[in-house]
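**Student:**
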RNA sequence: GAUCUCGUAGCUCAGUUGGUUAGAGCAUCUGACUUUUAAUCAGAGGGUCCUGGGUUCGAGUCCCAGCGAGAUCACCA
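Numbering (the numbering used here), first residue to last: 143 to 659.
What follows is the structure in structure tokens.
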């Protein structure tokens, strides 16, 4: 039987040290530790002229400087780093510290003081092993230069290893934890904003017998109990609308969607969406609300309404954001008014503009292509793009005054689509027609066109009140607010191709297949 | 899916025109050191050069195929 995940001299030595410690009576994996202070609190509560401050702290060893009969250790906890001074005269088991390593999790108790080099430090009266680190951690060395800049030497930087072993990345690269703290702040701020307005947070199934609500390819599975095909949801939309039919006037869900499509800097197969539906409101109302909510979120996460994006652009979230119609923007960037154009004329325009189209594309997709290529790359500041063509948005209500368009907008920030919204289509007759048109597109070869969902149509027949609905891509907003340029840097465990060389073992695929059948 | 780039010690990286036993810093080990902080000083160990073929007297280096990653493009709310 394999006893160690890795086998090199450093791992072997640490296993030996662990045995030495245990044979000396040390409990290598104890059950708890009475921690009184975080590293940050211990430092901030210390004042040179006050009485002795005694603390008990715990954290991972990130640096050791042994000096014979005394040692300096830096530990790191959730709040930051703290130096600990270990002195043989004060510690009967000092010699045992020889068997401690970088990466070990320890507890220490003592009193705070300031060293000769002016660092507030814990003078330990006791220390204890809390968890042995058996795999060497690539903790980088840091120094502070004359100007106070933090210089990190030989930082653990291999992106593949950082994503595959995120626990190591988080343990040794403190700034990575900050990204995810911001992500959490974003989500809690959104939730608080919506809860304060009495919208109901709900959970709807991830497993769908029929997928819908967006144009995307699904993940397919199989439900053994009923012997039926099953799909992971590609959007939250249709079930939330069913809840509106049931009488909830404001519902939202924060959850994962799954799309069986490409993986790149802005796409992960599973990603987090907010969807919100509010009865008796329309898309213009939702625009105001979204603007207000985003302003609050940006302030909470970023501390300012000016955000520096990964590509260096400065994004200004001061409301109001720009509002422009899709037709207006296309006219602005191509010089052509597409209002009322038929498919042939649109194809000709696309060709003239150097935009590629193919035979499977209907009017909606051709316009989408022109917009994506000629307009969207110019939209850096937050912009509400309004009034999409009907063919592009099968679940939105026809525009109250503009024929052929729907009441919808998409918020674009830094050329990225971030949040779609419609006045929700609730006329079952129109919805059936739109679904039928989607079915034709599907027959024409568009494998992302929507399916006809008879139960959803029945729900609309029961009656859904007029409502506005909005979706918000949480991962992409996190990217913008943290200045990360890859979605993988805002998802703890992004999808990676399995590493068979590194993870070869007895478990996984074969066994899973057996139970799946 | 296409193209380009990369894969060498636990980590970060060198490695010349193809040529002796593949190097450095950190980490690790041994020794010294009771206020250090990229601690310092002396010594030591550690390699599937991503994998498999090929060319060659000789391959980390050149060629082919594969695996993995990154970037760009294509696709994609």
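Where a beta carbon is used, it is the ideal one built from N, C-alpha and C, also for glycine.
1. Between the Cα of residue 601 and those of 568, 170, 584, 575, spot the shortest distance and give me the residue it belongs to.
2. When you compare each of 219, 217, 225, 213 to residue 240 by their alpha carbons, which one comes out closest?
3. When you compare each of 449, 146, 418, 408 to residue 673 by their alpha carbons, which one comes out closest?
4. In the DSSP assignment, find the unbroken alpha helix (DSSP H) run with residue 441 in it and report its ends.
5. Quick one: any contact between the region 250-260 and the region 153-160, if contact means 3 or more CB pairs under 8 Å?
6. Just to confirm before moving on: does the CB-CB distance between residue 365 and residue 400 stay below 8 Å?
7. Could you have a look at residue 540 and say whether DSSP puts it in helix, strand or coil?
8. What ranges does the beta strand (DSSP E) occupy inside the region 500-569, keeping only unbroken runs of at least 3 residues that lie completely in it?
9. DSSP three-state call for residue 624: helix, strand or coil?
10. Select from 300, 371, 260, 181 the residue whose C-alpha is nearest the C-alpha of residue 252.
11. Starting from the Cα of residue 223, find the closest Cα among 163, 313, 170, 149 and give me that residue.
12. From the DSSP secondary-structure annotation, give me the bridge partner or partners of residue 635.
13. Suppose you measure from the CA of residue 592 to the CA of residue 508; what does that come to, to the nearest Å?
14. Using three-state DSSP, classify residue 225 as helix, strand or coil.
15. For residue 355 and residue 412, I'd like the C-alpha separation in whole angstroms.
16. My understanding is that residue 428 touches residue 610, with C-beta atoms under 8 Å, so please give their C-beta distance in whole angstroms.
17. Look at the alpha carbon of residue 451 and the alpha carbon of residue 208, and state the distance between them as a whole number of angstroms.
18. Whole angstroms is fine: what's the gap from residue 513's alpha carbon to residue 410's?
19. Following the continuous alpha helix (DSSP H) through residue 314, name the residue where it begins and the one where it ends.
20. With DSSP collapsed to three states, give me the class of residue 324.
21. Cβ atoms of residue 623 and residue 328: under 8 Å apart, would you say?
22. Taking the C-alpha atoms as reference points, what is the distance between residue 441 and residue 331?
23. In whole angstroms, what is the alpha-carbon distance linking residue 338 and residue 392?
24. Tell whether a beta-carbon distance below 8 Å holds between residue 287 and residue 293.
25. Give the straight-line distance between the Cα atoms of residue 499 and residue 524, rounded to the nearest whole angstrom.
26. Residues bridged to residue 278 by DSSP?
27. Within 10 angstroms of the Cβ of residue 345, are there 16 or more other Cβ atoms? Answer buried if so, exposed if not.
28. Along the chain, where does the beta strand (DSSP E) that runs through residue 399 open and close?
29. The alpha helix (DSSP H) with residue 151 in it runs from where to where?
30. From the DSSP output, read off the bridge partner residues of residue 371.
31. Below 7 Å CB to CB, which residues in the same chain sit around residue 551 once its five sequence neighbours on both sides are set aside?
32. In the DSSP assignment, find the beta strand (DSSP E) that holds residue 283 and state where it starts and stops.
33. Do residue 408 and residue 629 come within 8 Å of each other at the CB atom, strictly closer than that value?
34. Please return the same chain residues whose Cβ sits closer than 6 Å to the Cβ of residue 249, not counting the five positions on each side in sequence.
35. Put residue 616 into one of helix, strand or coil per three-state DSSP.
36. For residue 649, does the three-state DSSP call read helix, strand or coil?
**Tutor:** In brief:
1. 568
2. 213
3. Because residue 673 is not part of the residues shown, which for the chain are 143 to 659, the question remains open.
4. 425-444
5. no
6. no
7. strand
8. 525-528, 550-555, 558-565
9. helix
10. 181
11. 313
12. Answer by DSSP bridge pairing: none, since residue 635 is not bridged.
13. 17 Å
14. strand
15. 16 Å
16. 4 Å
17. 43 Å
18. 24 Å
19. 308-314
20. helix
21. yes
22. 10 Å
23. 12 Å
24. yes
25. 28 Å
26. According to DSSP, residue 278 bridges with nothing at all.
27. exposed
28. 392-400
29. 151-165
30. 364
31. 425, 429, 526, 527, 528, 563
32. 283-286
33. yes
34. 175, 200, 270, 272
35. helix
36. Caution is warranted here: a pLDDT of 39 is assigned to residue 649, below 50, making its placement in the model unreliable, and no coordinate value can be reported.
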